[in-house]
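Top to bottom, those sequences are chains C and X. In terms of the working numbering, the first sequence opens at residue 243 and continues consecutively. In terms of the working numbering, the second sequence opens at residue -19 and continues consecutively. Ideal Cβ placement from N, Cα and C applies to all residues, glycine included.
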Amino acid sequence: MKLLIGQILPYITVTLFTLGVLYRLGRWVGPRIVHNITLSPWPKTNTEVAVRIGAEAFLFRNLFRFDKALWAGAILMHFALLNIIGGHVVGFGFLGEQFALIPGLGISPELSREMSDMLGTVFGLVLFVTLLYLLFRRLTLTHVRQVSKISDNLWLIYLTVLVGVGDIMRLFNSVHVEYVEVRDYIVALALFQPVTGMHLLDNYFFLTHFLLVQILLIVFPYSKLMHIFGMFAERWIVNRVYKDPAPGLPNVDVAAARRAGIGVPSGDAAEEGV
Amino acid sequence: MPEYKGMVQPVRATPEELRKIFVEPVPDEQKPEKALEYLDNIRKKFRSFVVAMESCVKCGQCAENCHTYLGTRDPNNIPANRAELIRKIYRRYFTLEGRWFGKLAGAEDISLDVIEQWYSYFYQCSQCRRCAHVCPFGIDTCEVTFIGRQLLHWLGITPKLHANTGGGMEKTGNHMTLPKPGIVDTLEFMSEEIMDIFGVEVEFPVDKPNSDILYIPSSADFMLNEYTLMGAGMFFTYIGANWTIPSTVTEAGNFGFLFDQYYTQRGNVNKLLNAAHELGVKKIVWGECGHGWRAAKMYIPSMADRPVRWPLTHIHDEVADLIRKGELKLNPEKNSQPVTLHDPCNYVRACGLNDNMRTIIHAVTTDFREMTPHGTDNFCCGGGSGILFDDPEMYQRRIQLSQKKADQVRATGVGSEGNGILCAPCSICKAQLYPMVEEHELGVEVKGLIDLVGKALVWK
């Protein structure tokens, strides 16, 4: 088990994930943007395009405009997720001392570790709760239930379990994992060294968490999770710069036409002295 | 019978009608197999379609923002689900997850029933782009229903209305099948009307060589919205333009856009360019027609079979420009009734006409009241994409689809005295709203925007 999940599977996961995502993106690049379907009012410069797409990608502008309850759940969930993914990288990479490395703040390594612990726990819980909120929404609101497929609910449950196991390792000392253990493990994997003897892999919560993540990454390219790329691919089509042709009619002089009284019957013109 | 297993469907074109627009209907038993073949072919061409198929997360935001779902509460009329009707087939045959996991991944085998579902629900979509406008990713259901309708057309399933409209264009150069003598007669009659009502002399030049401006009116303006065409004629006369209407293309609309972009729409585009070439014009100006203006402005560049030498603008662009320059003398008192503006979807979400329409309406009316929501957030009239079906079942559906619009108009209060004006500057909106304002008893008269301009022009 340890050999399979901890030693062999990670290499398979990384390979399948990378190839899978590339395959999927390749499928989108083949077909072309045939007609101009940019949504109006149009951005007039590339800066405007970037601002528009950025507002959608990072602030969820449309959700905010049209459904505040969904917006609150979605942005909290994604924000927590982003921080957790980032936290995994810097937390394990710098052993929790990442904040001490920011110059000018005067944060000590001890304080940084505490901050890292606290932020990780808070975002872990926020993510857990917001995932449940989104699941609750899927199950209770009529129109969302009507668009939901089994797989939509399964993904939320899957993520909730995955995050829940992670949270348990944070909250209970008996199954707690030290940063350094994970760092050494990842380094060993990267150097193709044997890892099965490591103490870390005796922790079944860690093994479960790690297995769930790997399954997720393998399935990722064939799932709705691809929307992280799909969102940009779609926006790239519907939010583009467009410039209107200039108005103005050829050989038209309105003032001259009015002086000449075009359209005004000649009898009238005489009466009115036009 | 326009119903199939409980689903409403428009009356179909007969095989003879389809052959007139160069389509040979596929026999029923071959339809599923052919549908897959056509779908496989087209999915490899349109990225907008592929990304729509593969990116939706079913957040449900589109549901309450679609007038079709609001009016019918039919789950298949939620944009995400409407696209799902084709997505489930796409998954089953063209994705790994669908082939491996089947139902769990939301995949389904193709069958005649699925094709009939497409016919029912893709022709209840107005292609108004409100779902694209509100979608957090910008997924455009239009791109799905365009392709769905194209596949159906190739299979030989096309509404009678759309096929005959396409056929009319093929035969006479307009959707109403008006021959050239009829057009010339109607225009002469309009000149007399203008003299009687407004006391000004307006001529409508047809096929005048060496004109500067080619004006493309909607063919419905010859029969149903005559004040729009009269308004345009008065405007061009007022500014002293050297303009003409081409008898080969007396049609601002392009129904090909709505059911057959490959042949019918492209054919109409090139017919227009031929007319511009033959008459030696310098600029093309478009009349009031929502889908037609989108099909022209946004699609001519990618559909033309030659370099396009003629700049293309909408008559609203030109009127608004002259208003801003202070060159038109307008008396808004001529339109003193309460007025509200219905924003045609194609104008505001696909063609950027939002501001120009408002520049004009503020200049030509005294009591203008905005609807809520309006501009880019506006809801469709319920007839968008030409779903103006008259048989009893579909007509009932049209009343449901216009429910949201009726609520919006009522909320403005313009019709409370029974003398309001609902300005809807698009031929399909007008055709949908003429009967719908009666069905919903809104107390308003439906008018175009150029109608109001014509009325407000001060000639002396």
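Residue i versus residue j: straight-line alpha-carbon distance, rounded
{"i": "C/L264", "j": "X/C122", "result": "27 Å"}
{"i": "C/L374", "j": "C/T450", "result": "20 Å"}
{"i": "X/G488", "j": "X/P189", "result": "This structure gives no information on residue 488 of chain X, because the portion of chain X shown stretches from -19 to 440."}
{"i": "C/G262", "j": "C/W270", "result": "13 Å"}
{"i": "C/V496", "j": "X/V433", "result": "16 Å"}
{"i": "C/Y484", "j": "C/P283", "result": "9 Å"}
{"i": "C/L343", "j": "C/P351", "result": "8 Å"}
{"i": "C/L467", "j": "C/L324", "result": "14 Å"}
{"i": "C/E356", "j": "C/L413", "result": "14 Å"}
{"i": "X/Q245", "j": "X/S282", "result": "12 Å"}
{"i": "C/E298", "j": "C/H320", "result": "13 Å"}
{"i": "X/A112", "j": "X/C46", "result": "10 Å"}
{"i": "X/K440", "j": "X/L259", "result": "32 Å"}
{"i": "C/I295", "j": "X/D335", "result": "23 Å"}
{"i": "X/H271", "j": "X/S365", "result": "7 Å"}
{"i": "X/L65", "j": "X/H342", "result": "43 Å"}
Neighbourhood of residue i by C-beta distance below 8 Å, restricted to the same chain and skipping five residues each side
{"i": "X/I295", "result": "Y195, A212, F215, V265, W266, G267, E268 and I430"}
{"i": "X/A43", "result": "Y49, I58, P59 and A60"}
{"i": "X/T346", "result": "P312, E313, N315 and S316"}
For residue i, the three-state DSSP class (helix, strand or coil)
{"i": "X/G306", "result": "coil"}
{"i": "X/P353", "result": "coil"}
{"i": "X/Q(-11)", "result": "coil"}
{"i": "X/F26", "result": "strand"}
{"i": "X/V433", "result": "helix"}
{"i": "C/P351", "result": "helix"}
{"i": "X/E421", "result": "coil"}
{"i": "X/D347", "result": "strand"}
{"i": "X/A260", "result": "The residue asked about is misnamed: residue 260 of chain X is Gly in this sequence, not Ala. Here X/G260 sits in coil by DSSP."}
{"i": "C/H277", "result": "coil"}
{"i": "X/I340", "result": "helix"}
{"i": "X/V94", "result": "helix"}
{"i": "X/L368", "result": "coil"}
{"i": "X/L194", "result": "strand"}
{"i": "X/K427", "result": "strand"}
{"i": "X/V186", "result": "strand"}
{"i": "X/T(-6)", "result": "coil"}
{"i": "C/W284", "result": "coil"}
{"i": "X/W439", "result": "coil"}
{"i": "X/V319", "result": "strand"}
{"i": "X/E445", "result": "This structure cannot settle anything about residue 445 of chain X, because the visible part of chain X is limited to -19 through 440."}
{"i": "C/I295", "result": "helix"}
{"i": "X/I295", "result": "helix"}
{"i": "X/I401", "result": "strand"}
beta-carbon residue i near the ligand MN non-hydrogen atom, thresh 7 Å
{"i": "X/G332", "result": "Looking for the ligand MN in the displayed structure turns up nothing, as the structure carries no ligands at all."}
Short Cβ contact (8 Å threshold) for residue i with residue j
{"i": "X/W98", "j": "X/G78", "result": "no"}
{"i": "X/W273", "j": "X/Y207", "result": "no"}
{"i": "X/V(-9)", "j": "X/P139", "result": "yes"}
{"i": "C/S393", "j": "X/G86", "result": "yes"}
{"i": "X/V261", "j": "X/A284", "result": "no"}
{"i": "C/I326", "j": "C/L369", "result": "yes"}
{"i": "X/M156", "j": "X/M203", "result": "yes"}
{"i": "X/Y18", "j": "X/L92", "result": "no"}
{"i": "C/F447", "j": "C/V417", "result": "yes"}
{"i": "C/L305", "j": "X/P324", "result": "no"}
{"i": "X/I367", "j": "X/Y103", "result": "yes"}
{"i": "X/K0", "j": "X/G179", "result": "no"}
{"i": "X/K24", "j": "X/L135", "result": "no"}
{"i": "C/L318", "j": "C/T372", "result": "yes"}
{"i": "X/P159", "j": "C/P487", "result": "no"}
{"i": "X/D192", "j": "X/W223", "result": "yes"}
{"i": "X/V394", "j": "X/V417", "result": "no"}
Close Cβ partners of residue i (< 6 Å) along its chain, the five nearest in sequence each way excluded
{"i": "X/R67", "result": "M33"}
{"i": "X/F26", "result": "none"}
{"i": "X/M(-19)", "result": "Because X/M(-19) carries a pLDDT of 46, less than 50, the predicted location of this residue cannot be relied on, and no value is offered for it."}
{"i": "X/E13", "result": "none"}
{"i": "X/A404", "result": "H322, K410, L413 and V426"}
{"i": "X/C331", "result": "W273, R274 and K277"}
Close beta carbons around residue i, own chain, < 7 Å, minus the five adjacent residues each side
{"i": "C/A511", "result": "Residue confidence is low: C/A511 scores 49 on pLDDT, short of 50, so the model does not pin down where it sits. Its coordinate-derived value is still stated next. Answer for C/A511: G503, listed in chain order."}
Exercise for review: Counting only runs of 4+ residues fully inside the segment 109 to 170 of chain X, write out the alpha helix (DSSP H) ranges in chain order.
Suggested key: 110 to 114, 121 to 135 and 140 to 152
Point to revise | Runs of beta strand (DSSP E) lying entirely within the segment 405 to 468 of chain C, each at least 3 residues, in chain order | key: none
Point to revise | Start-end ranges of the beta strand (DSSP E) lying completely within the segment 229 to 293 of chain X, minimum 3 residues | key: 263 to 266
Review point. Hey, which unbroken runs of the beta strand (DSSP E) at 3 residues or more fall wholly within the segment 324 to 408 of chain C?
Key: none
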